[in-house]
Each structure stands twice: as structure tokens, then as C-alpha cells.
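A.B. asks: Same order as they appear, the protein sequences are chains R and H. Mind the numbering: the first sequence is residues 19 to 528 in the working numbering, read in order. Mind the numbering: the second sequence is residues 12 to 517 in the working numbering, read in order. From the three backbone atoms N, C-alpha and C, an ideal C-beta is built for every residue, glycine too. This structure is a prediction, so every number in the text was calculated from the model and none was measured.
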Amino acid sequence: MTGSELISLDAAELARRIHAREVSSVEVTRAHLERIEAVDGPAESGVHAFLHIDADGALAAAEAADRAIAEGTPASPLAGVPIALKDNLTTTDMPTTCASRILEGWRPPYDATVVARLRAAGLVPLGKTNLDEFAMGSSTENSAFGPSRNPWDLTRIPGGSGGGSSSAVAAGEAPLALGSDTGGSIRQPGAVTGTVGVKPTYGTVSRYGLVAFSSSLDQIGPCARSVLDAALLHEVIGGQDKNDQTSVGAPLPPVVEAAEAGARGDLAGVRIGVVTQFSGEGYQPGVLAAFTDAVRLLGELGAEVVEVSCPSFAYALPAYYLIAPSEASSNLARFDAMRYGLRVGDDGERASDEVMSLTREAGFGAEVKRRIMIGTHALSAGSYDALYGKAQKARTLIVRDFTAAFETCDVLISPTTPTTAFAIGERVDDPLAMYLADLCTIPSNLAGNAALSVPCGRSADDGLPVGLQVMAPALADDRAYRVAAAYEVARASVDTAPRIPELRALETSR
Amino acid sequence: MTAVTNPGVESAPYTVEEVCEHFDPVLGLEVHVELNTATKMFCGCANRFGAEPNTNVCPVCLGLPGSLPRLNGTAVESAIKIGLALNCHVRERSGFARKNYFYPDMPKNFQISQYEDPIVFDGYLDVPLDDGSTWRVEIERAHMEEDTGKSLHIGGATGRIHGADHSLLDYNRSGVPLIEIVTKPILGAGVRAPEVARAYVTALRDVLRGLGVSDVRMDQGSMRCDANVSLMPKGSSTFGTRTETKNVNSLRSVERAVRYEMGRHAGVLLSGGSIRQETRHFDEQSGTTSPGRPKETFADYRFFPEPDLPPLEPSRDWVETLRAGLPERPWERRARIQTEWGLSDEELRDLVNADALDLVADTVDAGAPPEAARSWWVSYLAQQANTAGVTLPELAITPAQVARVVALVAEGTLTNKLARQVVDGVLAGEGEPDDVVAGRGLAVVSDESALTTAVDEALAAQPDIAEKIRAGKTKAAGAIVGAVMKATRGQADAARVQELVLERCR
Numbered sequence: 019m020t021g022s023e024l025i026s027l028d029a030a031e032l033a034r035r036i037h038a039r040e041v042s043s044v045e046v047t048r049a050h051l052e053r054i055e056a057v058d059g060p061a062e063s064g065v066h067a068f069l070h071i072d073a074d075g076a077l078a079a080a081e082a083a084d085r086a087i088a089e090g091t092p093a094s095p096l097a098g099v100p101i102a103l104k105d106n107l108t109t110t111d112m113p114t115t116c117a118s119r120i121l122e123g124w125r126p127p128y129d130a131t132v133v134a135r136l137r138a139a140g141l142v143p144l145g146k147t148n149l150d151e152f153a154m155g156s157s158t159e160n161s162a163f164g165p166s167r168n169p170w171d172l173t174r175i176p177g178g179s180g181g182g183s184s185s186a187v188a189a190g191e192a193p194l195a196l197g198s199d200t201g202g203s204i205r206q207p208g209a210v211t212g213t214v215g216v217k218p219t220y221g222t223v224s225r226y227g228l229v230a231f232s233s234s235l236d237q238i239g240p241c242a243r244s245v246l247d248a249a250l251l252h253e254v255i256g257g258q259d260k261n262d263q264t265s266v267g268a269p270l271p272p273v274v275e276a277a278e279a280g281a282r283g284d285l286a287g288v289r290i291g292v293v294t295q296f297s298g299e300g301y302q303p304g305v306l307a308a309f310t311d312a313v314r315l316l317g318e319l320g321a322e323v324v325e326v327s328c329p330s331f332a333y334a335l336p337a338y339y340l341i342a343p344s345e346a347s348s349n350l351a352r353f354d355a356m357r358y359g360l361r362v363g364d365d366g367e368r369a370s371d372e373v374m375s376l377t378r379e380a381g382f383g384a385e386v387k388r389r390i391m392i393g394t395h396a397l398s399a400g401s402y403d404a405l406y407g408k409a410q411k412a413r414t415l416i417v418r419d420f421t422a423a424f425e426t427c428d429v430l431i432s433p434t435t436p437t438t439a440f441a442i443g444e445r446v447d448d449p450l451a452m453y454l455a456d457l458c459t460i461p462s463n464l465a466g467n468a469a470l471s472v473p474c475g476r477s478a479d480d481g482l483p484v485g486l487q488v489m490a491p492a493l494a495d496d497r498a499y500r501v502a503a504a505y506e507v508a509r510a511s512v513d514t515a516p517r518i519p520e521l522r523a524l525e526t527s528r
Numbered sequence: 012m013t014a015v016t017n018p019g020v021e022s023a024p025y026t027v028e029e030v031c032e033h034f035d036p037v038l039g040l041e042v043h044v045e046l047n048t049a050t051k052m053f054c055g056c057a058n059r060f061g062a063e064p065n066t067n068v069c070p071v072c073l074g075l076p077g078s079l080p081r082l083n084g085t086a087v088e089s090a091i092k093i094g095l096a097l098n099c100h101v102r103e104r105s106g107f108a109r110k111n112y113f114y115p116d117m118p119k120n121f122q123i124s125q126y127e128d129p130i131v132f133d134g135y136l137d138v139p140l141d142d143g144s145t146w147r148v149e150i151e152r153a154h155m156e157e158d159t160g161k162s163l164h165i166g167g168a169t170g171r172i173h174g175a176d177h178s179l180l181d182y183n184r185s186g187v188p189l190i191e192i193v194t195k196p197i198l199g200a201g202v203r204a205p206e207v208a209r210a211y212v213t214a215l216r217d218v219l220r221g222l223g224v225s226d227v228r229m230d231q232g233s234m235r236c237d238a239n240v241s242l243m244p245k246g247s248s249t250f251g252t253r254t255e256t257k258n259v260n261s262l263r264s265v266e267r268a269v270r271y272e273m274g275r276h277a278g279v280l281l282s283g284g285s286i287r288q289e290t291r292h293f294d295e296q297s298g299t300t301s302p303g304r305p306k307e308t309f310a311d312y313r314f315f316p317e318p319d320l321p322p323l324e325p326s327r328d329w330v331e332t333l334r335a336g337l338p339e340r341p342w343e344r345r346a347r348i349q350t351e352w353g354l355s356d357e358e359l360r361d362l363v364n365a366d367a368l369d370l371v372a373d374t375v376d377a378g379a380p381p382e383a384a385r386s387w388w389v390s391y392l393a394q395q396a397n398t399a400g401v402t403l404p405e406l407a408i409t410p411a412q413v414a415r416v417v418a419l420v421a422e423g424t425l426t427n428k429l430a431r432q433v434v435d436g437v438l439a440g441e442g443e444p445d446d447v448v449a450g451r452g453l454a455v456v457s458d459e460s461a462l463t464t465a466v467d468e469a470l471a472a473q474p475d476i477a478e479k480i481r482a483g484k485t486k487a488a489g490a491i492v493g494a495v496m497k498a499t500r501g502q503a504d505a506a507r508v509q510e511l512v513l514e515r516c517r
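What follows is the structure, encoded as C-alpha cells:
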């Protein structure tokens, strides 16, 4: 089997072949490392999904997986399958930078719980993927190490903050990746790169070892090229963790079972709510057209599709941009040049607070500073009630809207993001325009429920991928998987475009 | 108690009596107590004083990126017990908050604390004063928080940050569980205000020690007191500007610091000046205070609910179980023990002052008669502690072991002299009393035939003395007894040997 065949296979199929010993994990890992070598660099023009690649570590892990499989003791159904990790997850064998100068070169002394679970399950970490600095952004343009590029059009953004993970999966550099979703950072990159991205119910995947941006919103989740692959990865990383007291004790919803059931294509009896607030002005016509097609397709699968109104979702964006920066201003206070990371101006004369200021000035990018300032202001004694306090009230209203909607609907749907991938540089000077990319995804972070993005064809106006967002109640992630898997199969019959874009121009230009 | 004045050192310009001719003092006491849980507040690191710097640390208490706090259930239990012992309400639903400020020894640059909803609130402590009366101190709240690391400032004259050349950071203390207990304003104490302050901290220390939740060592910092003092003109009900005195490291210092600040405030106010709201630093040597950081500008800690920890909702059943298990109040227990054991006031005070009361009580609980238990702790063991330079509770012997030694004496296995050797063995780490008896071969020789043989041998060795005894000169028996004791290396009961000698010469 050729390398280009291996990199185009789903994780489930790769796992099947590795476990049947038709191909070794080492061969699969090597194929992906070669693909990375071919398309990821140079940083100025390649996909630039990765900030760090650990070829030796990956091959060693692959060899171990092959040995276990040869002995008949694979660690899990995904043992031997390569995976990329967002660079805000701690890893003992690779640096963790959060795409920030302030953490450049930091090697954590501990693995994030999800990383430990991946290793225990025999998956093969390839490297660390790019992101907006500290996961703050929607395009990866806030990375201190330069943006990643969308494999469908290298002049465009791959979404953010998890654009490194989404572009790696879209470009065939990795069959699976982990992301973190605070306001849409898994789903929006999934949508604009034509991949699947899942934000599990808050508290069902441990955050221990995820460098915190906004603790009450952050959620780690899977990135994949199929709904089933995402579910398989979800089962590896999910479940309670004693190191994260916000992780819930409830059993993980049966997501793999739901994805398999959904793939059989029957949605009879499922009630799907279309959120009326997520359309109209600001939405690209091609995106709305693709979404309308999806609604029709879901109806043909037997689902009952109704409209639901969630008026408080209008407050989601402003509430988010108070709560997330508030928590971030506190979470990022620890970067003070005292114990790890960058240190600027320590000349033996300056006092520690001066060194701290110089370090933070030099080490944080503009967007991070902007959010630290907004958050610091929102928590200040004079503005707490009017800003942070009011945002929390809006959050409560959003939870109520969800609760009401889920009384009549099993799941809710919307476009994942209002537009397809925009051009690199297009919104960098307009933070508010950038923030709008997360308009549809933020409510589920504020409410903590499950939500995913599944590819929804291409926009007729620019030929770029569109995402369909499926939202389910907290701890009912399986419902979203079932609907998404059914839709995925139905759409595949009408959309025959390859799932991995042609990057040959890039490959041959080297 | 009298104020100690050191020659050549500035003393407060007014005595408390003079102060109280013009003003009513208002006190507020904030006491920080380090809990003696096995592990820290939010991680599994050992909570231990005195370890090598930066050895009891992990990603959580170092605040490394990605780490998350994990609440120590025992710390919560201790907090609730403290609240109940201080007659507080236990909040059904409380939570943690982040207190945000930058300081190098605080690794996250925020402290996990409690803000608007402390776990326990609105209580009181009835504090015994020196004259036997009681003063009720009302408790505003007690809340949980994590301790910071420790900065060691090198190169300055005072060991304080000002003027230091560089600083070293030790994070062993980072994340140690703390309870902060805050009183409501203490009004109306007048000239007794310094005494009330000391008595309150003393009573609080005794209560906490009785609960077993803290080492309450002011000298080691496991109990720290900040004394807020202000004066209001007599007849006024408007509080004056307060100062907060820190570094008050002993019970005596609490009294001295309050006394000094009262006098200093009065001096400033009576000369037409005004008090600056500030933190002051108490100096043990001189008994005076000096300005710390000014508190004029309101520090904005930007408190907000800690998103990494779920709300705390202790069940009613748990709280009631803890309430039912509360020990007697230390002073009530003392009164009961005094009656039960028939101690004089002086004897009781000696026991308390020597930190021996609990040890004696525990020894009695382990089966020893009160008089024997008391005698061991206040005499022989007190001498050993003194020689070793440790406190009585720090001696490497437990009340149960002392009780066993007492029992061995009572049943005749040991003489008092041998018993002291057994205690020496226990202190030297030779094991339980019975192990020491066996290991050192210390048991009294009570085998009658062996003793008789030894007596006969001694009589045979000194026939002239034997003759004298037979002739009725019983005083001569002493020499034979001495020989037998020597032969048995002191392990025979001398009185019984005397009897045997006389029997054999009859």
C-alpha cells in the first residue's frame, strides 16, 4: 500500500488494517511523517500545522504498538494509529508552547490526562499543532510562530484556535488530532477545513494538563475526518479524572454505538430544531444554501425538522467576551518569569516586578494582552457587577433557552460558522469581525452542552467547505453523533469531492 | 502581667490606663492557622514543616500551566470542626474564589480562598480571663485558603525585602491548608483590651489543639495573628482609623503589640495628628511596631468564583456527626480534671504550663493512676525534655508507653530505678517498654529460688557478717543485701532480699 493511500484512510480503517497486520503501525506512522515532511513546511508557505514534530518518539511508540498487536494484546481499538496534539496540552516528551513566546521551549514535567490516556491506549503522538496564542483567536493568525494554512486554499485561514489540528487532519498529515474548544476552537476549524470537530459535554473530558484559557468554558475534544473516528477517539479520552474536580462522574454517553447506529441512516422519530437566530445578515449565501440542503437531507432521513427560537443567544457573544477574558486574566497571571518560560531584563539590577512586566510585555501577543486587559477591567471592583456579573446572568438565560429548546427537540442544528474560510490577513485588524466567526458555537460553551461540526458540502460561491453544527443536551453527546453520522453518510452519496484536498501543487513545488 | 520595657528603646507614649481616659479601643483579630493535614490543600504533596526547600512540590502547588486543584476533604472537615467549636453556622453551600494579586512566592499569582461565602460564619468564643471571668469574643467568619510559598530575602540587614540583595523562594509551604478566623470588632474591653487579645488567641489555640487540627505553633508560623487596633473618642460610636499589626509571633507579643499600638495611636491623636491606615510590623526585641506597606489605596483583588472547583455542599448528616464528636472545651476539661484528680490550682497550672495536661490525661486514659502519670511527666520526663532541648509533647515517648511503664512498676516487674532505665530505652528508640525490658534484661529478679541461692552465696562469702545477723544484729543485713543487689545487677527487689536474708539467718 502506498503512503498516499495510507494517509487518506480513516482512523477506524487504519486501525482495522494495523490490527489485522495488513500494515504495521510503523508503516502508517512513517507515511504520515513523510506527508508532514512533504506539505507542512516551510512555515512561510506550507500548511504549517505543526509547531513540533517528534519523529523518533512517534516511531518508537508505533513499534511498541506493533509489538503489542503481534502479541495479541493491543491496548485499544485505536492502538497504533497516529495522532496530532494541540500545543496547549502538556507533554513530557515534547515542548508545550501554547504558540506563545512566553512559553517557548517549556518542557512540562507531566502529561495531560488526555495525553496519558492516548499513550495508554497505544496511539502514536506525531507532534504538537499550531494554535492562536493561548487558544485566543479564530484563525491561528495570533500564533507567535506564524499562521497555519487551510489545505483547501493555502491563502486562507484553517480556522482557530485549533487550526493546526484541523489543517493537519484535513491535509492528511494525521488521521486524528486533539483540540480544545473554548468558544468554537474545535468546531469552527473543523467547519472551514471540511473535517469533523467535537466539543464534548463540559466536564466529560479531563482538563488536567490543558493550559487554561477560560476554565469554565475550555473543553478538550476530538478532530477527525469521520464521525465514527471522532467517536472512537472520544471514548479513549473521555471519563472522570480525579485530577479534575469539574469532571463529572456520569458514565460516558455511548458515542461509538451512536455513530454506528446513525451510519445506518435512519433518523425516524428524531426531532431536530433549527435555531432561527443563526441565519440572515452576516451569513454567507453559499453557507446558508448548504445548510438548507442539509436540513432537507435530514428530513429525507426521517427526522422531523422544526424551527426553534433561542432569543438569549444574542447575548452569547458579548457575554463570552467578558467571561472568557476575565478568567484568562487570572489564568495567565502565572506567567511572571519567576519559574519557567521567557525571562526578559533580568540583569541583576532590576526588581522582580520589573522583570515580570518586561517579560509579559515581550512575551504576550496583542490579542492576549487585549483580553488580559478586558478581563482585568471586567473583574475590577467598580465594574464587576456591570460586566462580569451581568455576563453571568446572560449565561443563565442562555442555559434556559437551551433547556426550553431541548424540551421539544432532541438536537439543535445551525451552520457552524457564518462564512467559509476567510483570507489570511483579512480580519487581523478587525477583532470584532474575527469574533463573529464564533457566533454560532459560543452558546454551547456557555451552557456546557455537547456540540459538534460535521462537513456540510461546499459553498457554491467559493467552493470551500461548510460545517453543520449539531448541538445536544449535556451528557447526551450520543444524540449529536447519531444525527451527524446519519447525515455524513447521506451527504457522501451526493458530494463526491475527495476528503483530502489536492496538495500536489505544493508537494511538487519543492 | 506587666508591660516589658527595654532600656534605650522607644516605648509607647501612653499607658493603657491613660489611653482609656480619652478613648475606647476597638480590636479586630485575624488568626491564620495552618492545618496539620497529611497533604496539602489542593494536591497530594506532604504538608510538613522544615523539609529541604522545594522538595514537597508538584505541578499543582507550583501552579504549573495546565494543573488543576483537587480539594483535600480532611481540610474541609477540619474547617467545619473549627466552625462548630467556635459556635458558628456551617453554610449549606459555599465555594472558593480567586484572590488575584502578583507576588513571587505565590505561583499562580492568585490565591484560592473563600470570599463572599465562607464555610462557617457568625459564632463566638467565651474566653477565660486571668481573674476567672469570661469574655465573649464574637466570630465574624472562618474561611479556607491556601498558603503561599516563602520568600527568603538575602543581603538586607533586617531579613525583610527592603534593602535585600536577592531573594530565594521555597514553595514547600505553597498550598498548605489555612483557616483564617476573623473576629467581629471587639468593643468595650477598655484597659483590658491587651489582655482580652492575648486571652482570645490563647483560648483559640487551646480549642484548635483540642480539636487536633493544627500544630498551633506560633513560633513556627502554623498559627499567625494579625492585630487590628483603632481608638474612638470616649462616648463616640464611630470607629477610628485602624492599623493592622503583623509578625506577632507569640501569645505575649499579641498583648504587647495591642498595648503598644493603643499607646501609639493615643499619642498621635492627642497631639492633633491622625492615624494612617497601614500595616505595621511588630518587633519582638523592642516591643514596638514600625510601618509596613500603606493600605491607603484600596487593594482590588478582583475576586471571582474559582471555576476549577465545584461548590462545597457538606451534608447535614456529616456536620451533625462532626458536631457530636467535638471534644470538651479545653478549660472545661481542665476544670473537670482538676476535680477528678484532686489537683491544687498550682499543680494544675504547672501541668498546663509544661504542656503536660493532655499527656497526663492520655496516660490516665491508657490506664495509669493520675498521680503516677502526673509524676512521670512533670519530673523525670520533664528533665529529659529539658536536657534534650525539646518540648514535652515532642519527646519520643507516648502516653500509652508511659502507662505501660507505670503498670510494670505496679505489678512488680520493675523498680522505680529500673523503670527510668526502661523510659531511657524508649526515648533512645529501642522500642516498646516491654522490648526494652527484654532487650536490656531489666526485669526484677523475682525468681525466689534464684534469689535464695544468691542470698546463700552472699552469706557464705561473708561468714562473719552472717554470724552477726544470726546473733540478732539485723542492721548487718545491709551488707549482704548490697552484695546480692550487686550480684543481680540491681534487678532484685531490695526489700524482698532483706526479708530473705533475715529468713535464712533465723
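What's the gap between the Cα of residue 350 (chain R) and the Cα of residue 320 (chain H)?
C.D. replies: C-alpha separation (whole angstroms): 18 angstroms.
A.B. asks: Measuring CB to CB, does residue 238 (chain H) end up less than 8 angstroms from residue 38 (chain H)?
C.D. replies: Yes. Within cutoff.
A.B. asks: Contact between the stretch 199 to 210 of chain R and the stretch 462 to 482 of chain R is defined here as three or more beta-carbon pairs at a separation below 8 angstroms; is this criterion met?
C.D. replies: Contact between the stretch 199 to 210 of chain R and the stretch 462 to 482 of chain R is present, because at least three Cβ pairs lie under 8 angstroms.
A.B. asks: Contact between the stretch 289 to 300 of chain H and the stretch 248 to 264 of chain H is defined here as three or more beta-carbon pairs at a separation below 8 angstroms; is this criterion met?
C.D. replies: The stretch 289 to 300 of chain H vs the stretch 248 to 264 of chain H: in contact.
A.B. asks: How many Å lie between residue 364 (chain R) and residue 373 (chain R) at the Cα?
C.D. replies: Distance between the alpha carbons of residue 364 (chain R) and residue 373 (chain R) is about 6 angstroms.
A.B. asks: Could you give the first and the last residue of the continuous alpha helix (DSSP H) run that contains residue 255 (chain R)?
C.D. replies: Residue 255 (chain R) -> alpha helix (DSSP H) spans 245 to 255.
A.B. asks: Is any beta-carbon of chain R found at less than 8 angstroms from that of residue 128 (chain H)?
C.D. replies: Not an interface residue.
A.B. asks: Answer with yes or no whether the minimum CB distance from residue 7 (chain R) to chain H is below 8 angstroms.
C.D. replies: The question about residue 7 (chain R) has no answer here: the residues shown for chain R are numbered 19 through 528.
A.B. asks: Below 7 angstroms on C-beta distance, what does residue 70 (chain H) contact in chain R?
C.D. replies: What residue 70 (chain H) touches in chain R: 127, 128.
A.B. asks: With a threshold of 16 other CB atoms inside 10 Å of the CB of residue 156 (chain H), please say whether the residue is buried or exposed.
C.D. replies: With 16 or more Cβ atoms within 10 Å of its Cβ, residue 156 (chain H) is classed as buried.
A.B. asks: Grab me the residues of residue 338 (chain H)'s own chain with a C-beta within less than 6 angstroms of its C-beta, minus the 5 sequence neighbours each way, in chain order.
C.D. replies: Hits under 6 angstroms: 221.
A.B. asks: Check whether the Cβ of residue 315 (chain H) lies closer than 8 angstroms to any Cβ atom in chain B.
C.D. replies: No chain B appears in the structure shown, which is made up of the protein chains R and H.
A.B. asks: Against chain R, does residue 181 (chain H) count as a neighbour if the rule is that its beta carbon must be under 8 angstroms from one of theirs?
C.D. replies: With 8 angstroms as the cut-off, residue 181 (chain H) does not count as an interface residue toward chain R.
A.B. asks: Under 7 angstroms between beta-carbons, which chain H residues line up against residue 356 (chain R)? List them in chain order, please.
C.D. replies: What residue 356 (chain R) touches in chain H: 115.
A.B. asks: Would you please verify whether the beta carbon of residue 121 (chain H) is less than 8 angstroms from any beta carbon of chain R?
C.D. replies: It does; some Cβ of chain R falls within 8 angstroms.
A.B. asks: If you run the structure through DSSP and keep just helix, strand and coil, what is residue 499 (chain H)?
C.D. replies: Looking at residue 499 (chain H) - three-state DSSP - the assignment turns out to be coil, as it is neither helix nor strand.
A.B. asks: Check whether the stretch 311 to 319 of chain H touches the stretch 95 to 115 of chain H, taking contact to mean three or more Cβ pairs, one atom from each stretch, closer than 8 angstroms.
C.D. replies: Yes, since at least three Cβ pairs between the stretch 311 to 319 of chain H and the stretch 95 to 115 of chain H fall closer than 8 angstroms, the two stretches touch.
A.B. asks: Does the Cβ-Cβ distance between residue 107 (chain R) and residue 139 (chain R) come in under 8 angstroms?
C.D. replies: No.
A.B. asks: Run through chain H and tell me which residues come within less than 9 angstroms of residue 401 (chain R), C-beta to C-beta.
C.D. replies: Result: empty, since nearest Cβ-Cβ is about 10 angstroms, beyond 9 angstroms.
A.B. asks: Does the distance from the C-beta atom of residue 189 (chain R) to that of residue 482 (chain R) stay below 8 angstroms?
C.D. replies: No. Outside cutoff.
A.B. asks: Report yes or no: is there a C-beta of chain H within less than 8 angstroms of the C-beta of residue 505 (chain R)?
C.D. replies: Cβ-Cβ to chain H under 8 angstroms: no for residue 505 (chain R).
A.B. asks: If the criterion is Cβ atoms closer than 8 angstroms, does the pair residue 104 (chain R) and residue 197 (chain R) meet it?
C.D. replies: Against a cut-off of 8 angstroms, the Cβ pair of residue 197 (chain R) and residue 104 (chain R) comes out as a contact.
A.B. asks: The beta strand (DSSP E) spanning residue 364 (chain H) covers which residue range?
C.D. replies: Element bounds for residue 364 (chain H): not the beta strand (DSSP E) but the alpha helix (DSSP H), 356 to 364.
A.B. asks: Any idea if residue 401 (chain H) is buried or exposed, counting beta-carbon neighbours within 10 angstroms, 16 or more meaning buried?
C.D. replies: Residue 401 (chain H) should be labelled exposed.
A.B. asks: Alpha carbon to alpha carbon, what distance is there between residue 207 (chain H) and residue 196 (chain H)?
C.D. replies: Between residue 196 (chain H) and residue 207 (chain H), the C-alpha separation is close to 12 angstroms.
A.B. asks: Taking the C-alpha atoms as reference points, what is the distance between residue 291 (chain H) and residue 177 (chain H)?
C.D. replies: Cα to Cα, residue 291 (chain H) sits roughly 23 angstroms from residue 177 (chain H).
A.B. asks: Nearest to residue 429 (chain R) by CA position, among R:194, R:264, R:252, R:502, is which residue?
C.D. replies: Taking only the C-alpha atoms, the option nearest residue 429 (chain R) is R:502.
A.B. asks: Grab me the residues of residue 414 (chain H)'s own chain with a C-beta within less than 6 angstroms of its C-beta, minus the 5 sequence neighbours each way, in chain order.
C.D. replies: Around residue 414 (chain H): 374, 377, 378, 379.
A.B. asks: According to the neighbour-count rule (16 or more other Cβ atoms, all chains shown, within 10 Å of its Cβ), is residue 472 (chain H) buried or exposed?
C.D. replies: So residue 472 (chain H) ends up on the exposed side.
A.B. asks: From this set, R:48, R:279, R:141, R:359, which residue's C-alpha is nearest residue 382 (chain R)'s C-alpha?
C.D. replies: Nearest of R:48, R:279, R:141, R:359 to residue 382 (chain R), Cα basis: R:359.
A.B. asks: Measure the Cβ-Cβ separation of residue 99 (chain H) and residue 74 (chain H) and say whether it is below 8 angstroms.
C.D. replies: No. Outside cutoff.
A.B. asks: To be precise: take each residue of the stretch 206 to 233 of chain R, compare its Cβ to all Cβ atoms of chain H, and keep it if any distance is under 9 angstroms. Which residues remain?
C.D. replies: Answer set for the stretch 206 to 233 of chain R: 224, 225, 226, 227, 228, 229, 230, 232, 233.
A.B. asks: Check for me: the alpha helix (DSSP H) holding residue 145 (chain H) runs from which residue to which?
C.D. replies: Per DSSP, residue 145 (chain H) belongs to no alpha helix (DSSP H); it is in the beta strand (DSSP E), 145 to 157.
A.B. asks: Under 8 angstroms between C-beta atoms, does residue 24 (chain H) make it to chain R?
C.D. replies: For residue 24 (chain H), the answer is no, since every Cβ of chain R falls outside 8 angstroms of its Cβ.
A.B. asks: Using 10 angstroms around the beta-carbon of residue 337 (chain R), count the other beta-carbons present and answer buried if the total reaches 16, otherwise exposed.
C.D. replies: With 16 or more Cβ atoms within 10 Å of its Cβ, residue 337 (chain R) is classed as buried.
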